[in-house]
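Everything on this sheet refers to the single structure shown next.
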Amino acid sequence: MPPQLLLAIAAILPFLGSAAVISLPGHARNAAAILAGSTLVACLACIGLLYPMVSAPGGSLVWAVDWLPTLGVQFVLRLDGLAWLFAVLVLGIGALVVLYARYYMAAEDPVPRLFSYLLAFVGAMLGIVLSGNLIQLVVFWELTSIVSFLLIGYWTDNASARDGARMALTITAAGGLCLFVGMVLIGQIVGSYDLAVVLASGDTIRSSPLYLPALVLVLAGALTKSAQFPFHIWLPRAMAAPTPISAYLHSATMVKAGIFLMIRFWPVLAGTETWYWIVGTAGMATMLVGAWSAIFQHDLKGLLAYSTISHLGLITLLLGLDSPLAVVAAIFHTVNHATFKASLFMAAGIIDHETGTRDMRRLSGLWRAMPYTATLAMVAAAAMAGVPLLNGFLSKEMFLAEAVDNAGEHGLNLALPILATLASAFTMLYSVRFIRQTFFGPAPHDLPQVPHEPVRWMRIPIELLVLVCIAIGLVPNLTIGPALAGAVRSVLGARTPDYDLAIWHGFNAPLALSVVALVGGVALYGVFGRRINANPRGGPWLMDRLDGGRLFERAMTGLVTGARRLEGHLGSERLQVQLRILFLTVLLAAMLAGAVRGLDLFAPGRATTFDPAFALMWLVGAACAVGAAERAKYHRLSAAIFVGGAGLVSSLTFLWLSAPDLAVTQILVEIVTTVMLLLGLRWLPKRDAAIPAPASEAARARRRRIVDLCIAAFAGLGLAGLAYAVMTRPAVDGIARWFVEEAYPQAGGRNVVNVLLVDFRAFDTLGEICVLGIVGLTVFALLRRFRPASDSLGRPKQQVSHDAYDAARAGRSPGDTAADALLVPRVVMTWLFPFIVLLALHLFLRGHDLPGGGFAGGIALTIAFVLQYMAQGAEWVEERLRIRPIAWIGVGLLVAVLAGAGSWLFGRPFLTASFAYWEPPLLGKVPVASALVFDLGIMVLVVGASALMLVALAHQSVRRTRAAEAEAERAAEREPA
């Protein structure tokens, strides 16, 4: 199998697996776990097979397809030593988390949803580490923020989970926006967004005047994602997520994305004083604040969260030093931290799962009940503390060696050995506390559950990770050595230093500092352990007032309050006021442009002939518009009819001006929107001109109408003058001629409008159908909560009259007259259904060459559904037709996206269309364009969105008022059981 194909499979398969898992039933956790685990193992196998290609010096693998070729942007997958190492971490620990989560999650939890989100997150993380393009990296970067929001807030009924997810999304997404601007600046500096070109342009970037803003913006993204001070506040709140998610996001993936970014761009952004002070200071502060805060946590996951912050600060501090050896230590500790921290989170989850609590004040003596889990957790905690013969010891020694070697070169480095030793002592202190409080002491009592060992399969992921900690600690050169060397070479290139992963380097300063830290941490716990355990708040001393969560909430509250005040001054809930402000702004802009540049609307230009028939038609349209405005307040039905008349005139205008495609679409849209307007107007509160209004209110309304009339007159006259000026001047030789000339040679279609929508401007159309789908879902969501006004619940007057007539005559029952009157229309509308379906298919299939297309076909098919609802009612139709509008929206969007992505298989940009001629028997030569598939997606989505709004409106007739629902509930409660 070609290596590029293996790389593409590894990048795409997690997203396909996510889509497959989410389609499983909510109770199918075994099937979901098997599918998710198999997906990750398959991806890991693909990445593993590619190791020989990246292990050689300078080795890399690139797979690229055009994405936005006119902007020089490609979709590039780039695998080198660093990307390979991070991909193995993401996939390997991800597979172990899936196995662990299968036994951690309860049977009633919707486990397929969890695994679907997890696979999507894996795909986003792989997208970051494998991206060979700056814009592509940012897209996947923001995708991790979105999916992590879903993962952290998985338990939607938990307020802490919702708040933690919101905080994480707010901070990391804001950092992602900064990163996007920073990447654009780097691309402008270099002249390319290709990562390989950028990494080879370090001197150009550092010497550019845009270096400082680019650096600050890129680091804003990296520091927020990696939870560096002062942005670290989101990570402890994210502990409300299920423990498997915490083990994954906060050990190997989400927080490591920021670390990966700083490592990846170290060769081009580091080496300046600005980098040193920003990155070094942030890392030092984070390391100390995290370690100090971890000491006082009573919650196991809280301790591990702040410990994660501290270790991320350690790695960031190493990257802030202008030393290649520090980069080696940073990469090495990134791997080590992922292994021991994932195992510790899983151990904490087992303790919580089997005892019912994570509070260390209630836990003690678990060694007796859970000896295997206790042993595994103690080894992992020892690795975290940097105890010899474990992996954490080796990378901590490298860190302390760099602290000693760099002492004195910069201002911050003068205190580096002391602060590094202090942070290491704090790490030993909270590690000892974790072990002592949880596993030793008297037997636990008053626990929610009787503690016991978990099932065997739940412990296997921890065993494998602890085995890795021991193996790296004992034989680092045989285990992590080759992969680490490949990652280091891919980052540093010719600057790769000589380093040794030996366990013993003799008696030296780093060893002395390590001993001081280990002994000092144990001594500190011996002296202050009781006071720390008795701390009622569970928060760090001297930092009680610096509650990041409270500060964040105050900031968010201030933003919301300020926005509401601004909205109160500048906005209004009334649509009239909003439109008034909009039109006045446009009018002022037009008047300003005319005053500055001059505006001669009636300059001599191209002569046009006067056609009385066309003028008469427009007079009818204008009369309809005026009539709709005059009747809108008290006579909504006639106003809707007048609006339909104005729309009909617009359709005839398109037809008159030789635009049949627009005319067909306009008339179809008019039919659907008029029916939906009538359905919606049925449930609005009634208005009656006979109801007297106060004199002050009448005067205010009269003034408002006069103002609106003046604005409408100015806007209408302005647009009319602008249209007159455009139409009476010589035509501009723009791009229209190019579209007409190239529609058939390049897209195989003679209908220029349709070719423009589904080929030349297909990306715009994709965005527009996304908006249409969102609008349909929004309307449906709003109308689900809507209940009709009480004064609109009564039967229409015509129905009352018909029912009275039926009741007064023998042999007739109420409703017979209405049924008789609608008999013929009902039969006609029912039998029109298959013919309109054929018309919709006809419009769809002919759209590439003749008036029609996917949008017109979708609206026509919607009309078929509209007629059935009008003829038979919602209940009758839905008993016979399974209309699933939301599924139609999803399928349509998926088809459209896949139609665009299919061009990648042929090495062409996204949404590149192709056409050929097919010669089936009897039919002869038939033109076939790939844009037809994209147009099919448009048609399906249009039907789904339109039908969803239709269903939402039609269901109002079968719903009860809230008062009726409440009364029914009370009646049900009164009934005897």
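In the numbering used here, the protein residues as written are -7 to 969. C-beta atoms are modelled at their ideal positions from N, C-alpha and C, and glycine is treated no differently. Predicted model only: the values in this text are computed from it and were never measured.
The beta carbons of F113 and T136 sit about 6 Å from each other, so the pair counts as a contact at 8 Å. C-alpha of I703 to C-alpha of R572: approximately 7 Å in a straight line. Residue pairing for D58: DSSP places it in a beta bridge opposite Q66. Note on G845: 16 or more other CB atoms within 10 angstroms of its CB, so buried under the neighbour-count rule. Exclusion of the five residues before and after R804 leaves D798 as the residues of its chain whose Cβ lies within less than 6 Å of its Cβ. Counted as a single uninterrupted DSSP element, the beta strand (DSSP E) harbouring F907 occupies residues F907 to W910. Contact holds between the region 355 to 371 and the region 424 to 442, because three or more Cβ pairs, one in each stretch, are under 8 Å apart. Of all alpha-carbon atoms in H840, V103, P652 and D492, the one lying nearest the alpha-carbon of G473 is that of D492.
Per the DSSP secondary-structure output, D351 pairs in a beta bridge with D291. Residue state for D186 is assigned as strand, using DSSP reduced to three classes. Under the three-state reduction of DSSP output, V33 falls in the helix class. Annotation for V918: the continuous beta strand (DSSP E) segment containing it runs V918 to A921. Classified as buried, N328 has 16 or more neighbouring CB atoms from the shown chains inside 10 Å of its CB. For G637, the uninterrupted alpha helix (DSSP H) run begins and ends at R628 to W648, by DSSP.
In the pairwise beta carbon analysis, the region 104 to 111 is classified as not touching the region 156 to 174: fewer than three pairs are separated by under 8 Å. Secondary structure at S123: strand, using DSSP grouped into helix, strand and coil.
Taking C-beta atoms as the reference points, T245 and V82 count as a pair closer than 8 Å.
Contact between the region 609 to 628 and the region 575 to 587 is absent, with fewer than three C-beta pairs closer than 8 Å. Judged by their CB atoms, L296 and L336 are nearer to each other than the 8 Å cut-off.
Shown here, L714 sits in a helix according to DSSP, grouped into three states.
In the structure shown, L886 falls within a helical segment according to DSSP collapsed to helix, strand and coil.
Bridge pairing for L336: absent [DSSP].
Apart from sequence neighbours up to five positions away, the residues of its chain that approach A157 with a beta-carbon distance below 6 Å are F141, I144 and G145, ordered along the chain.
Bridge pairing for L53: L71 [DSSP]. No residue range can be given for Y146, since it is assigned to no alpha helix (DSSP H) and is classified by DSSP as neither H nor E. Under the three-pair Cβ rule at 8 Å, the region 498 to 514 counts as touching the region 405 to 422.
Remark: three or more beta-carbon pairs, one from each stretch, lie closer than 8 Å, so the region 233 to 250 and the region 207 to 217 are flagged as touching. In the DSSP assignment, S416 falls within the alpha helix (DSSP H) that extends over L408 to F431. In this structure, the straight-line span from the alpha carbon of G183 to that of V483 is close to 21 Å.
When Cβ pairs closer than 8 Å are counted between the two stretches, the region 620 to 640 is seen not to touch the region 818 to 830, the count staying below three.
Contact between the region 337 to 354 and the region 284 to 293 is present: 3 or more CB-CB pairs across the two stretches fall below 8 Å.
Between G741 and D841 the beta-carbon gap is near 6 Å, inside 8 Å, which marks them as a contact.
If you compare the alpha carbons of F902, A624, M931 and D751 with that of W59, the shortest gap goes to F902. By the Cβ rule, the region 199 to 212 does not count as touching the region 75 to 95, because fewer than three pairs are nearer than 8 Å. Under a 10 Å Cβ-count criterion, M(-7) is classified as exposed, with fewer than 16 other Cβ atoms of the shown protein chains found around its own Cβ. Between the alpha carbons of R557 and G550 lies a gap of roughly 10 Å.
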